[in-house]
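Worksheet for the structure shown next.
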Ligand code: ADP
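Numbering (our numbering), first residue to last: 7 to 151.
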């Protein structure tokens, strides 16, 4: 059985994230959506709320698990027995950033990172834009599952 983790902040989980998970399910038997918890970066939504939001998005899909973790992503990947890490790429900037982390992670542990390019519909979508809309009291239902 192949297991992948899809790590991120997911503050909040958007349709772009959901699309990546759905596509990752065509590659891995099981995808663990891994919410990275950082004591210094609290985020807008409490981690438990993020977890419940993602679980609702995959209700009835037993191949998706949602967990939170702190510390190194590769330590978490090894702890849950994941063979690889999934990340999404929207832009050149994302690509450059992901490339560096993927190289370090593979040097550290041998774990491979699989990058999936964002679907055109969601390439402009980010959690930070959604948070900004929320701060102006706008309706965000079009952007999140
Ligand atoms: P992080 O703080 O780790 O970047 P995010 O929650 O912002 O956490 O993103 C998690 C992963 O999802 C990253 O690989 C990011 O590039 C990817 N991602 C974010 N938004 C989208 C989107 N709209 N389409 C595809 N991938 C995305």
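Every residue gets a Cβ at the ideal spot worked out from N, C-alpha and C, and that includes glycine.
Residue 115 versus residue 102: straight-line alpha-carbon distance, rounded: Roughly 20 Å between the two C-alpha positions.
Could you tell me the alpha carbon to alpha carbon distance between residue 39 and residue 145, rounded to whole angstroms? 25 Å
Nearest to residue 76 (by Cα), restricted to the options 109, 34, 13 and 151: 13
Write down the C-beta distance between residue 26 and residue 92 rounded to the nearest angstrom, noting that I regard them as a contact closer than 8 Å. 7 Å
Considering only C-alpha positions, which residue in the set 141, 148 and 106 is nearest to residue 50? For the residues 141, 148 and 106, the minimum Cα distance to residue 50 belongs to 141.
Excluding the 5 residues flanking residue 88 on each side, which residues of the same chain have their C-beta closer than 7 Å to its C-beta? 9, 10, 11 and 38
Measure the alpha-carbon distance for residue 85 versus residue 20 and round it to whole angstroms. 26 Å
Spatial neighbours of residue 35 within its chain, please: CB distance less than 6 Å, with the 5 preceding and 5 following residues excluded, ordered by chain position. 7 and 8.
In angstroms, rounded to a whole number, what distance separates the CA positions of residue 15 and residue 80? Straight-line Cα distance between these residues: approximately 15 Å.
DSSP-derived helix/strand/coil call for residue 79: helix
Any heavy atom of the ligand MN closer than 7 Å to the Cβ of residue 119? As far as ligands go, the structure on display features the ligand ADP and does not contain the ligand MN.
Between the C-alpha atoms of residue 124 and residue 22, what's the straight-line distance to the nearest angstrom? 7 Å
Whether residue 118 touches residue 90 by CB criterion (8 Å): yes
Among 47, 94, 97 and 43, nearest to residue 73 - alpha-carbon criterion: That would be 43, whose Cα lies nearest to the Cα of residue 73.
Rounded to a whole number of angstroms, what is the C-alpha to C-alpha distance between residue 31 and residue 58? 20 Å
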